[in-house]
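Student: Here's a structure for you.
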Amino acid sequence: MSERANEAKNITRRTMLERGAGVAAVGAASALAAALSSPPAVASVSGAQGRDASSNSRGATLPTVVAGVRFPDSELARAAVVFARKVSSGALFNHVMRTYLYGSLLFDRRGVRYDRELAFIAAVLHDLGLVKAYQTPNEHFEVDGADAARNFLRGRRMPAERVEVVWDAIALHTNVGVASRKRPEIGIVSVGSGLDFTGTGLQQIPADALAEILAVFPRAGFKQDALDNILSLCRTKPMSVLMHPFAEVGRRHLSDFQVPTVEDLLLAAPFEE
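Sequential numbering from 1 applies to the sequence shown in my numbering.
So, in structure tokens, the structure goes:
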């Protein structure tokens with residue numbers, strides 16, 4: 001094949017990948033926008049909502065309130081914060097905290113009732129699957145994170161039914177179309193993390209609240225940190241991103257990325273036609 005033909009082939013492939021990644025991003029943003037405009041499920045308030053949080057008992061771990069959103073001050077909530085801060089990068093920890101704040105702000109402004117402690121713990125622990133210590137060889141990072149959170153919470157004797165809500169919130173957090181149809185504690189994590197990742201729905205956050213959130217939990221290079229985490233998954237456990245949006249990132253950036261596309265899987269299915 002001539003050099004010009006090779007160049008044309010490479011340009012075509014790159015264009016297709018860029019278009020594919022763009023379509024995936026637009027699709028995810030559209031689903032998030034739909035979730036933000038649709039009324040979520042409503043659950044009763046329990047756990048720590050409405051309790052006064054004591055800044056003295058929290059010490060320097062977290063402020064009591066940010067942007068009008070109060071942090072739960074239960075022993076389990078504090079333990080989750082300590083754990084997440086210990087195992088996460090600074091950028092990742094700030095992301096999970098912003099996730100809770102954005103999701104809570106949006107749901108509070110719509111008058112949704114939810115279990116604040118459950119939503120907080122799920123948000124704080126939702127990205128454990130990006131921490132190498134909790135990664136398995138082949139599971140999606142969302143499932144790895146959900147399993148790690150379940151083990152952590154079981155070790156602190158959280159009731160099983162509450163643990164399973166946290167598991168669902170973490171396992172589904174990248175699928176806003178499903179998560180937003182579940183209980184609000186699950187939807188909050190998906191909507192909040194999606195807003196911080198893509199900016200979709202940011203116009204619904206008041207400017208003063210946004211400024212306060214970013215002052216307390218700055219982004220600190222979150223975009224590059226997130227991209228590095230995605231590429232790390234693509235390099236070290238490529239089959240975990242099979243049929244996952246992260247595969248588009250691997251195809252764009254890694255020349256030796258061999259994970260098949262959905263089309264490849266379909267056409268390779270062992271059926272005579």
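Where is the CB? At the ideal position from N, CA and C, for every residue including glycine.
1. Tell me which same chain residues have a C-beta within less than 7 angstroms of the C-beta of V131, skipping the five on either side of it?
2. Inspect the CB distances between the region 134-146 and the region 98-117 and report whether three or more fall short of 8 angstroms.
3. Compare the beta carbon distance of A123 and V178 with 8 angstroms and say whether it is the shorter of the two.
4. Alpha carbons only, please: which of P260, T64 and E263 is nearest the one belonging to M97?
5. Let me make sure I understand the geometry here. Which of F152, V191, A119 and H253 has the alpha-carbon closest to that of R70?
6. Output the boundary residues of the alpha helix (DSSP H) element that contains H253.
7. Which residues in the same chain as G221 place their Cβ atom closer than 6 angstroms to its Cβ, once the five residues preceding and following it in sequence are excluded?
8. Exposed or buried, which one is F271 when buried takes at least 16 other CB atoms within 10 Å?
9. If you reduce the DSSP assignment to three classes, tell me which class R113 lands in.
10. Do you know how far the Cα of M243 is from the Cα of N138?
11. How long is the line joining the alpha carbons of L210 and R154, rounded to whole angstroms?
12. Quick one: grab the DSSP three-state call for V189.
13. Can you tell me the Cα-Cα spacing of G187 and R109, whole angstroms?
14. Between which two residues does the alpha helix (DSSP H) containing D208 stretch?
15. Quick check on N229: buried or exposed, where buried means 16 or more other Cβ atoms within 10 Å of its Cβ?
16. Between which residues of its own chain and P260 is the CB-CB distance below 8 angstroms, once the five residues before and five after are set aside?
17. When you compare each of F93, T99 and A80 to D225 by their alpha carbons, which one comes out closest?
18. For V65, write down the residues that DSSP places opposite it in a beta bridge.
19. What are the start and end residues of each continuous alpha helix (DSSP H) run of 4 or more residues lying completely inside the region 113-149, in chain order?
20. Please confirm whether P159 and E117 have their CB atoms less than 8 angstroms apart.
21. Where do the ends of the alpha helix (DSSP H) carrying L267 lie?
22. So what does DSSP say about H95, is it helix, strand or coil?
23. Near K304, which residues of its chain fall below 7 angstroms by C-beta distance, leaving aside the five closest residues on each side in sequence?
Tutor: By the coordinates alone:
1. V87 and S88
2. no
3. Judged by beta-carbon spacing, V178 lies beyond the 8 angstroms limit of A123, meaning their Cβ atoms are not closer than that value.
4. T64
5. A119
6. Per DSSP, H253 belongs to the alpha helix (DSSP H) from F246 to H253.
7. Excluding sequence neighbours, G221 sits near A91.
8. exposed
9. coil
10. 13 angstroms
11. 34 angstroms
12. helix
13. Roughly 15 angstroms separates the two Cα atoms.
14. A207 to V216
15. A buried status is given to N229, since no fewer than 16 other beta-carbon atoms sit within 10 Å of its beta-carbon.
16. L242 and A268
17. Nearest to D225 by C-alpha distance, out of F93, T99 and A80, is F93.
18. R70
19. 116-124
20. no
21. V262 to A268
22. helix
23. Since the displayed the chain opens at 1 and closes at 273, residue 304 lies outside it and no answer follows.
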